[in-house]
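Colleague: The opening position of the sequence shown corresponds to residue 19 in this note's numbering, with each subsequent residue numbered one higher.
One structure, as structure tokens, below. Some questions next.
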Amino acid sequence: MTADFRPGQSFSERPSGKIKSVSRGTVLAMAGVLPAVLAVYAFYGSGMVVQHSEPFTLSGTAPPHASVNVIIDGGHPWGVEADGTGEWSVNLDPSPPTTAAGTPSTINVTCSALSGCHSPPVVLEDVVFGDVFLCSGQSNMGLPVSASVNAAGEIANAASHGGPSGLLRIAQVATPPSYGNVTAPQRDLSLSIKWGRASPENVPYMSAACFYHGVSRLNMTSSSSSSGDAAHRVHVGMIASAWGGTAIQVWMTPPALKSCGVVQPEASSPSPLLSLPPQLLPAANTSPEALA
């Protein structure tokens, strides 16, 4: 299955219905509870890979109307005010790829005490810009490395992919029972495997198809580069988001459904939807091999 994703695309356009995406800030506001501390959404984290050469969005929550600043590597501060529900979102400029010989970035998020925010800074360390792939689908994509052929050997060698700089990094979206009842795209998703370099500790639980695609990508760049170019290889980030048994329609864009003559289901039709928020969508690197 292929998909035509574009930077900043809203998943409210997807076949789960004509429902706007739901943020954690909105849910808290509806429940009468507003965010009291500064935070970034759970799918961000130290060690993450962000698509290089494309704009990206950093989002989170803070006390309502708090002034939030985002600074990458001590550079230009990007400021925004949290809305009435406490949600904030900052659009950041594209960054060039972080090579094997390059230095990872640090993202600092702060809020102003003058605006009623007294939270400590949020610091995301070891952040790199590279090629990001989203692996989505059903049980074939959800099969973990631990259940694959030669699992013991692959797990033992997991840390060797990408060398000391950790060129291969992975993350996986969690599948708690509560996600099975959603009928609208979710902005904030928890991770069962938090962002990090591939290692014997996290690889056993990672989607096998997703992990091996990442290994293949690294091998392709290695074989096409001379030894002198090894230091210029780019990081690869693999994000797995799969749920066995889900209907194929919830993984397809409206244009894809229309081309097949499929009518979008009503908004009231429940459908387990585990898609990444627009902030983390791969821009130019989503490929058939990386999708179920």
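Yeah, the Cβ is synthetic: ideal placement off N, Cα and C, and Gly gets one too.
In this text, all values refer to a predicted model and were calculated from it rather than measured experimentally.
(1) By Cβ distance below 8 Å, which residues in the same chain neighbour Leu-110 in space, the five residues on each side in sequence not counted?
(2) If contacts are defined as beta-carbon pairs under 8 Å, then Pro-82 and Ala-100 qualify, I think. What distance do you get, rounded to the angstrom?
(3) Return the first residue and the last residue of the beta strand (DSSP E) that Asn-109 is part of.
(4) Buried or exposed for His-231, going by 16 or more other Cβ atoms inside 10 Å?
(5) Only counting runs of 4 or more residues, tell me where the alpha helix (DSSP H) segments fall wholly within the region 139-224, in order along the chain.
(6) Give me the residue from Gly-263, Pro-273, Met-270 and Gln-267 with the minimum Cα distance to Gly-161.
(7) I need the straight-line Cα distance from Val-98 to Gly-92, nearest angstrom please.
(8) Ignore the nearest five residues each way along the sequence and tell me which others in Gly-63's own chain have a CB closer than 6 Å to its CB.
(9) Of the residues Glu-143, His-94 and Gly-148, which one's Cα is nearest the Cα of His-70?
(10) Are the CB atoms of Leu-185 and His-253 within a distance shorter than 8 Å?
(11) Let's see if you can read the secondary structure: which residues bound the alpha helix (DSSP H) around Leu-275?
(12) Relative to the alpha-carbon of Gly-78, which residue among Thr-128, Gln-267, Thr-117 and Val-68 has its alpha-carbon at the smallest distance?
(13) On the three-state DSSP scale, how would you describe Val-280?
(14) Given that a residue counts as buried once 16 or more other Cβ atoms are within 10 Å of its Cβ, and exposed if not, what is Cys-278?
(15) Within 10 Å of its beta-carbon, does Glu-219 have 16 or more other beta-carbons around it, so buried, or fewer, so exposed?
(16) According to DSSP, which residues form a beta bridge with Thr-124?
(17) To the nearest angstrom, report how far apart Ser-217 and Trp-261 are at their CA atoms.
(18) Kindly give me the distance between the Cβ atoms of Ala-118 and Gly-181, rounded to whole angstroms, as I take these residues to be in contact under 8 Å.
Modeller: The structure says:
(1) Position 92 of the sequence shown, counted from the start, is the residue given in the question as residue 110. Only Pro-73, Phe-74, Thr-75, Leu-76, Val-88, Ile-90 and Trp-96 meet the Cβ criterion.
(2) Locating residue 82 in the sequence shown gives position 64, where the first residue counts as 1. Locating residue 100 in the sequence shown gives position 82, where the first residue counts as 1. The pair is a contact, with the Cβ atoms about 6 Å apart (cut-off 8 Å).
(3) Counting from one through the sequence shown, the residue named residue 109 turns up at place 91. Run containing Asn-109: 105-110, per the beta strand (DSSP E) assignment.
(4) Here residue 231 refers to the residue found at position 213 when the sequence shown is read from its first residue. Buried: at least 16 other Cβ atoms inside 10 Å.
(5) 157-160 and 169-174
(6) By 1-based counting over the sequence shown, the position of residue 161 is 143. Reading off the sequence, residue 161 comes out as Leu, not Gly. Measuring from the Cα of Leu-161, the nearest candidate turns out to be Gly-263.
(7) Start at 1 with the first residue of the sequence shown, and residue 98 comes out as number 80. Start at 1 with the first residue of the sequence shown, and residue 92 comes out as number 74. Near 17 Å, if we compare the C-alpha coordinates of Gly-92 and Val-98.
(8) Sequence index remark: in the sequence shown, residue 63 carries index 45 (1-based). So the list reads Lys-212 and Trp-213, once near-sequence residues are dropped.
(9) If you number the sequence shown from 1, residue 70 lands on position 52. His-70 has its Cα closest to that of Gly-148, out of Glu-143, His-94 and Gly-148.
(10) Your numbering for residue 253 matches position 235 in the sequence shown. Your numbering for residue 185 matches position 167 in the sequence shown. Cβ atoms of His-253 and Leu-185: closer than 8 Å.
(11) Within the sequence shown, numbered from 1, the residue matching residue 275 stands at position 257. It spans 272-277 - the alpha helix (DSSP H) in which Leu-275 sits, taken as one unbroken run.
(12) As a working note, residue 78 is residue 60 in the sequence shown. Of the candidates Thr-128, Gln-267, Thr-117 and Val-68, the one whose C-alpha sits nearest the C-alpha of Gly-78 is Thr-128.
(13) Counting from 1 along the sequence shown, the entry for residue 280 is found at position 262. Three-state DSSP puts Val-280 in coil, outside helix and strand.
(14) What you label residue 278 is simply residue 260 of the sequence shown in a count that begins at 1. Around the C-beta of Cys-278, fewer than 16 other C-beta atoms lie within 10 Å, and the residue is accordingly described as exposed.
(15) Within the sequence shown, numbered from 1, the residue matching residue 219 stands at position 201. With fewer than 16 Cβ atoms within 10 Å of its Cβ, Glu-219 is classed as exposed.
(16) As a first step, residue 124 must be located in the sequence shown, where it is residue number 106. Answer is none; Thr-124 lacks a bridge partner.
(17) Here residue 217 refers to the residue found at position 199 of the sequence shown. Here residue 261 refers to the residue found at position 243 of the sequence shown. Ser-217 and Trp-261 have their C-alpha atoms some 23 Å from each other.
(18) Here the question's residue 118 lines up with position 100 in the sequence shown. Here the question's residue 181 lines up with position 163 in the sequence shown. The Cβ separation is near 7 Å, so the contact holds.
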